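**Q** Numbering-wise (our numbering), the sequence shown opens with residue 302 and increments by one.
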Amino acid sequence: MTKLLVTGGAGFIGSNFLHYWTKKYPSDQIIVLDSLTYSGVISNILPQIEKKLIHFVNGDICDKNFVKDLFKQYCFDKIIHFAAESHVDRSIHSPSKFIETNILGTYSLLSASLEMWENNFKGKVFHHISTDEVYGELNDNDPPFTEISAYAPNSLYAASKSSSDMLVRAYNKTYGLPTVISNCSNNYGPYQFPEKLIPLMIINILEGNVLPIYGNGSNIRDWLYVNDHCTAIDLILNSGKIGETYNVGGMSEITNLELVIDLCRKIDFKIDKNDELSKRFPNNLRVKGKSSETLIRYVTDRPGHDYRYAINPKKICTEMNFKPAINFEKGINFTIDWYLKNEKWWRAIMNGKHSDWIKKQYNENR
Ligand code: NAD
Ligand code: DAU
Numbered sequence: 302m303t304k305l306l307v308t309g310g311a312g313f314i315g316s317n318f319l320h321y322w323t324k325k326y327p328s329d330q331i332i333v334l335d336s337l338t339y340s341g342v343i344s345n346i347l348p349q350i351e352k353k354l355i356h357f358v359n360g361d362i363c364d365k366n367f368v369k370d371l372f373k374q375y376c377f378d379k380i381i382h383f384a385a386e387s388h389v390d391r392s393i394h395s396p397s398k399f400i401e402t403n404i405l406g407t408y409s410l411l412s413a414s415l416e417m418w419e420n421n422f423k424g425k426v427f428h429h430i431s432t433d434e435v436y437g438e439l440n441d442n443d444p445p446f447t448e449i450s451a452y453a454p455n456s457l458y459a460a461s462k463s464s465s466d467m468l469v470r471a472y473n474k475t476y477g478l479p480t481v482i483s484n485c486s487n488n489y490g491p492y493q494f495p496e497k498l499i500p501l502m503i504i505n506i507l508e509g510n511v512l513p514i515y516g517n518g519s520n521i522r523d524w525l526y527v528n529d530h531c532t533a534i535d536l537i538l539n540s541g542k543i544g545e546t547y548n549v550g551g552m553s554e555i556t557n558l559e560l561v562i563d564l565c566r567k568i569d570f571k572i573d574k575n576d577e578l579s580k581r582f583p584n585n586l587r588v589k590g591k592s593s594e595t596l597i598r599y600v601t602d603r604p605g606h607d608y609r610y611a612i613n614p615k616k617i618c619t620e621m622n623f624k625p626a627i628n629f630e631k632g633i634n635f636t637i638d639w640y641l642k643n644e645k646w647w648r649a650i651m652n653g654k655h656s657d658w659i660k661k662q663y664n665e666n667r
């Protein structure tokens, strides 16, 4: 039985990971540490808590004494560190939380791990979950990022994640702490907080709200279905080499504009086919006989907006046989269906304590 500490398990990727892991490894002991910030949604993992598949601890990764006490109580073998401030737009408006959580919080976990594992590193792993944004941006003809691409962060979010990656690297090189880092491209799927492009657009299309596209919509992202990211983490945790970095991506590049048009067409098609949906979403433009694409608005660009991300996942593919199982067409249909089935989930967020930021963005972009 492995004793796992999962930080940030109430967020988007963390909660999907917990669903994945508890199904595949039900006898592991899993402690989830999450301070339930605006993007931490406890209902994402309530069934796992109630079935005692995981034990939830409400706490801040920045609180080193608290983290050390948890270590003393549970003697973790492996740490999967998801907890972070994750939204680029928020990092532009208020960077300080990003510095605290992403840099100081990671430092706190690293130093607690080093102290508590006391140089007895056999069977121990600290897996740091990072992003492709640390490598900056690509132009159209540039080859995708590899593990040896230079770091060139452009947003405050990316700079804070880059700093945390550097700390993880230095703890490995200096003290021998058994770390691995994975840098992943854009994830999408169930439970993604509706400030991010895909869930925001799905909800706005259903509600007949405007669809704000930053700049001219030509920016490109490389999308990976979240379950495939969980598979990659599983592979790395079980057979990754200590001290190494692995890039994870979907080999699925698309411009933001193409993506939003695709969402409009897919949702309009579903509305046409299903009367019940028309009743549930009376403000959707298709219900009124128009196309949802007419809701697209080009708004002021994000400052420092990275043009293109793309990942070369050759290392994880060749060393560990990783292959994304869900292509974009399938994954985006699953995702739309999930948001249709889980209206209560996103309405609670839109109407609840988390909504101020989303409403402000929406009003600014009208
Ligand atoms: P998220 O914002 O949905 O979830 C973050 C979670 O961390 C939340 O549950 C939040 O409550 C928790 N948290 C924040 N600050 C904390 C603190 N100080 N102490 C304890 N818990 C805290 O983020 P996500 O999209 O699930 O991203 C998870 C990780 O994956 C992040 O490290 C992010 O950088 C990385 N990542 C995300 C993507 C993506 O496309 N979403 C891609 C690559 C890498
Ligand atoms: O690449 C991995 C990263 O992907 C993760 O590390 C981040 O945590 C995650 O948030 C994501 O960052 P992005 O900035 O790429 O994701 P976001 O969903 O915010 O935006 C995707 C693209 O869509 C980006 O080019 C900006 C654009 N966009 C976004 C929003 C919210 C719009 O055009 N309009 C919008 O309203």
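Just so you know, even glycine gets a beta-carbon here, dropped at the ideal spot from N, CA and C.
Owing to the predicted nature of the structure, the values given are computational and were not obtained by experimental measurement.
If we call anything under 9 Å between Cβ atoms a contact, is P513 one with R598?
**A** Yes. Within cutoff.
**Q** Counting along the chain, where does the beta strand (DSSP E) carrying H428 start and finish?
**A** Run containing H428: 426-432, per the beta strand (DSSP E) assignment.
**Q** With respect to the beta strand (DSSP E) encompassing I499, which residues constitute its N-terminal and C-terminal limits?
**A** Segment 498-508 is the alpha helix (DSSP H) holding I499; no beta strand (DSSP E) there.
**Q** Sorry if obvious, but does the Cβ on E438 come closer than 8 Å to a heavy atom of ligand 1?
**A** Every heavy atom of ligand 1 is 8 Å or more from the Cβ of E438, so no.
**Q** Please determine if the stretch 479-492 and the stretch 527-546 are in contact, where contact requires at least 3 C-beta pairs separated by less than 8 Å.
**A** Yes, the stretch 479-492 touches the stretch 527-546.
**Q** Could you pull out every residue in the same chain whose Cβ sits closer than 6 Å to the Cβ of Q493, ignoring the five residues on either side in sequence?
**A** Closer than 6 Å at Cβ, skipping near neighbours: F313, P500.
**Q** Which residue or residues does DSSP assign as beta-bridge partners of P513?
**A** Bridge partners of P513: R598.
**Q** Counting along the chain, where does the alpha helix (DSSP H) carrying L334 start and finish?
**A** L334 -> not in any alpha helix (DSSP H); beta strand (DSSP E) instead, spanning 330-335.
**Q** Excluding the 5 residues flanking K616 on each side, which residues of the same chain have their C-beta closer than 7 Å to its C-beta?
**A** E448, Y547, N548, listed in sequence order.
**Q** From this set, N528, F427, G590, Y458, which residue's C-alpha is nearest G541's C-alpha?
**A** Per the Cα distances, F427.
**Q** Give the DSSP-derived three-state secondary structure of R522 in the structure shown.
**A** Residue state, collapsed to three classes: strand.
**Q** Counting Cβ pairs closer than 8 Å, one from the stretch 514-522 and one from the stretch 456-474, do we hit at least three?
**A** They do not touch, by the three-pair rule.
**Q** From this set, D433, V333, P327, which residue's C-alpha is nearest G309's C-alpha?
**A** G309 has its Cα closest to that of V333, out of D433, V333, P327.
**Q** Looking at C531 and ligand 2, is the gap between the Cβ and the nearest heavy atom below 8 Å?
**A** It does not: the Cβ of C531 is nowhere closer than 8 Å to a heavy atom of ligand 2.
**Q** Which whole-angstrom value is the C-beta distance of K497 and N403, which I expect to be below 8 Å?
**A** No, K497 and N403 are not in contact; Cβ-Cβ is about 17 Å, not under 8 Å.
**Q** Buried or exposed for P327, going by 16 or more other Cβ atoms inside 10 Å?
**A** Exposed.
**Q** At what residues does the beta strand (DSSP E) containing S483 begin and finish?
**A** 480-485 is the extent of the beta strand (DSSP E) around S483.
**Q** Sorted by chain position, which residues of the same chain lie with C-beta nearer than 7 Å to F399's C-beta, five sequence neighbours on each side aside?
**A** Hits under 7 Å: E386, S392, L457, Y458, S461.
**Q** Out of Y321, Y339, S340, which has the shortest C-alpha to C-alpha gap to I331?
**A** Selected option, being the one with the closest Cα: Y321.
**Q** Straight-line CA distance for R667 to I568?
**A** Bear in mind that the predicted position of R667 carries a pLDDT of just 42, short of 50, making it too unreliable to give a figure here.
**Q** Per DSSP, which residues does Y547 bridge with? Please list them.
**A** The partner list for Y547 (beta bridge, DSSP) reads S483.
**Q** In the structure shown, what three-state DSSP assignment does E559 receive?
**A** Three-state DSSP puts E559 in a helix.
**Q** Got a sec, what are the start and stop residues for the alpha helix (DSSP H) L319 sits in?
**A** Unbroken alpha helix (DSSP H) run through L319: 313-325.
**Q** To the nearest whole angstrom, what separates the beta carbons of P625 and D529, a pair I think is in contact under 8 Å?
**A** Their Cβ separation, rounded to whole angstroms, is 4 Å, which keeps P625 and D529 in contact under 8 Å.
**Q** Quick check: L305 and D329, are their CB atoms within less than 9 Å of each other?
**A** For L305 and D329, yes; Cβs fall inside 9 Å.
**Q** What residues in its chain sit with their C-beta under 6 Å from that of F318, if we drop five residues either side in the sequence?
**A** Excluding positions up to five away in sequence, the list reads C531.
**Q** Only counting runs of 3 or more residues, tell me where the beta strand (DSSP E) segments fall wholly within the stretch 588-653, in order along the chain.
**A** Within the stretch 588-653, the complete beta strand (DSSP E) runs of at least 3 residues are 597-600.
**Q** Say the cut is 8 Å; is the CB of L337 nearer than that to a heavy atom of ligand 1?
**A** Indeed, a heavy atom of ligand 1 lies less than 8 Å from the Cβ.
**Q** With the cut-off set at 9 Å, would you say L578 and L586 are in Cβ contact?
**A** It is not a contact, given that the beta carbons lie outside the stated cut-off.
**Q** Under a three-way DSSP split, which group does K304 fall into?
**A** Correct three-state label for K304: strand.
**Q** For a test of your reading of the model: does the CB of N673 fall under 8 Å from any non-hydrogen atom of ligand 1? Yes or no.
**A** The structure shown does not extend to residue 673, since the chain is modelled only from 302 to 667, so the question has no answer here.
**Q** According to the Cβ coordinates, are T636 and P491 closer than 9 Å?
**A** A contact, by the Cβ cut-off of 9 Å.
**Q** Could you tell me if the beta carbon of V481 falls within a distance shorter than 8 Å of some heavy atom in ligand 1?
**A** V481: no, Cβ never under 8 Å from ligand 1.
**Q** Cutting at 6 Å between CB atoms, please list the residues of its own chain near I612, excluding the five before and the five after it.
**A** So the qualifying residues of the chain are D433, P445, F446, S486, D523, N548, G550.
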